[in-house]
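Structure first, then comments.
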DNA sequence: CTAATTGCTACAGTCACTGTAGGTTCAAGG
DNA sequence: CCTTGAACCTACAGTGACTGTAGCAATTAG
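Residue numbers (my numbering), protein chains in the order written: chain Z, 3 to 143; chain E, 3 to 143.
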């Protein structure tokens with residue numbers, strides 16, 4: 003008999019909440035696990051690996067549909083690696099795009115903040131800049 | 003008579019969808035505008051300014067509750083600038099935190115991708131790394 | 001005058017969970 | 001054996017910030 007763990011321990015091992023594990027089962031990316039006589043879920047080592055895979059991918063920002071694709075690739079080891087590689091590249095591009103976007107925001111926020119001299123709202127640069135797009139550093143997004 | 007514009011033009015001017023404008027009214031951060039006899043919304047210059055303010059703040063990543071606060075500050079020009087400044091600083095911190103996080107993700111994705119040699123799934127590094135936390139560059143997040 | 005566009009309300013759906021209510025099961029201590 | 005308390009169960013509502021849809025009514029251009 004291999005070790006079977008209840009949902010609480012499975013969630014803890016994967017670093018997520020109990021509800022999240024049930025949610026993954028509900029949307030069909032985690033298989034329905036074995037149950038006790040009392041109807042409580044018991045997860046096998048394989049189940050835990052799959053859950054860990056999902057959580058790790060989520061932490062890397064992969065959306066669930068992409069993870070679904072990755073899992074079905076992982077389930078079929080004879081398939082080419084290309085598809086998985088493409089998904090990872092797509093995700094990397096997304097991350098790079100988001101970083102670029104956030105760095106522009108950072109610039110603009112810093113610009114806004116340094117111009118605020120700390121008087122009353124009437125001459126607050128933060129409020130003013132927000133109300134006037136022409137004061138943007140980089141123009142329209 | 004000042005220029006009053008229908009919702010479509012207001013949305014276009016602010017760079018958002020018509021539904022978004024109605025949504026802002028619904029949650030109470032845009033006032034109910036004047037209507038035509040036929041019950042269609044007409045926006046004044048003041049309304050447009052407020053909408054632009056909201057959109058600009060949203061583009062900078064401010065959440066709506068923060069924008070609500072900024073607006074009530076902006077509505078009362080005698081108040082101190084401090085509160086607005088604090089909200090902007092908070093937002094800047096958030097952005098910086100997100101950039102840091104995304105840069106770590108970028109590292110890990112790149113690491114994962116460069117190790118993928120392009121064979122079959124059986125020895126795909128992308129799949130493997132996702133399934134095994136110990137291969138992370140930076141350990142647990 | 002008519003057709004196309006734009007507008008209206010009300011509501012459901014998105015993503016990836018998270019929280020809640022009201023109950024049941026399990027493991028440990030007495 | 002019994003009880004207590006933690007962990008579990010289902011089912012459903014809520015989050016944020018919109019977005020989409022259905023089924024109409026009003027407006028505008030030709």
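Virtual Cβ for every residue (Gly too), placed ideally from N, Cα, C.
Just so we're clear, the structure is a prediction, and the values are computed from it rather than from any experiment.
Not a single CB atom of chain E sits nearer than 7 angstroms to the CB of residue 49/Z. Taking a C-beta distance under 7 angstroms as the contact criterion, residue 115/E and residue 86/Z do not qualify as a contact pair. Ranked by Cα distance from residue 15/Z, the first of 106/Z, 117/Z, 93/Z, 52/Z is 52/Z. In the three-state DSSP reduction, residue 8/Z falls in the strand class (E or B). Per the coordinates, the alpha-carbon of residue 22/Z lies some 8 angstroms from the alpha-carbon of residue 13/Z.
Using beta-carbon distances, residue 129/Z counts as an interface residue toward chain E, with a partner under 7 angstroms.
Contact between residue 133/E and residue 55/Z is confirmed by a C-beta separation of about 5 angstroms, below the 8 angstroms threshold. According to the DSSP assignment, residue 100/E belongs to the alpha helix (DSSP H) that extends over 84-116. Against residue 13/E, chain Z offers no close residue; the least beta-carbon distance is about 15 angstroms (beta-carbon pairs closer than 9 angstroms). The CB of residue 98/E comes closer than 7 angstroms to the CB of 108 in chain Z, given here in chain order. Contact with chain Z is found for residue 90/E, since one of that chain's Cβ atoms lies less than 7 angstroms from the residue's Cβ.
Beta-bridge annotation (DSSP): residue 36/Z is paired with 44/Z. Beyond the five residues adjoining it in sequence on each side, residue 93/E comes within less than 6 angstroms, by CB distance, of 64 in the same chain, given in chain order. Rounded to the nearest angstrom, the Cβ distance from residue 44/Z to residue 38/Z is 6 angstroms, consistent with a contact under 8 angstroms.
Residues of chain E with a Cβ closer than 9 angstroms to the Cβ of residue 54/Z are, in chain order, 132, 133, 134, 135.
Contact annotation, residue 49/Z with residue 35/Z: C-beta distance approximately 5 angstroms; criterion of less than 8 angstroms satisfied.
Chain order gives the chain E residues near residue 87/Z as 115, 118, 120, 126, 128, where near means a beta carbon separation below 8 angstroms. At a C-beta separation below 8 angstroms, residue 34/Z has no neighbours in chain E, since its nearest C-beta there lies roughly 21 angstroms away.
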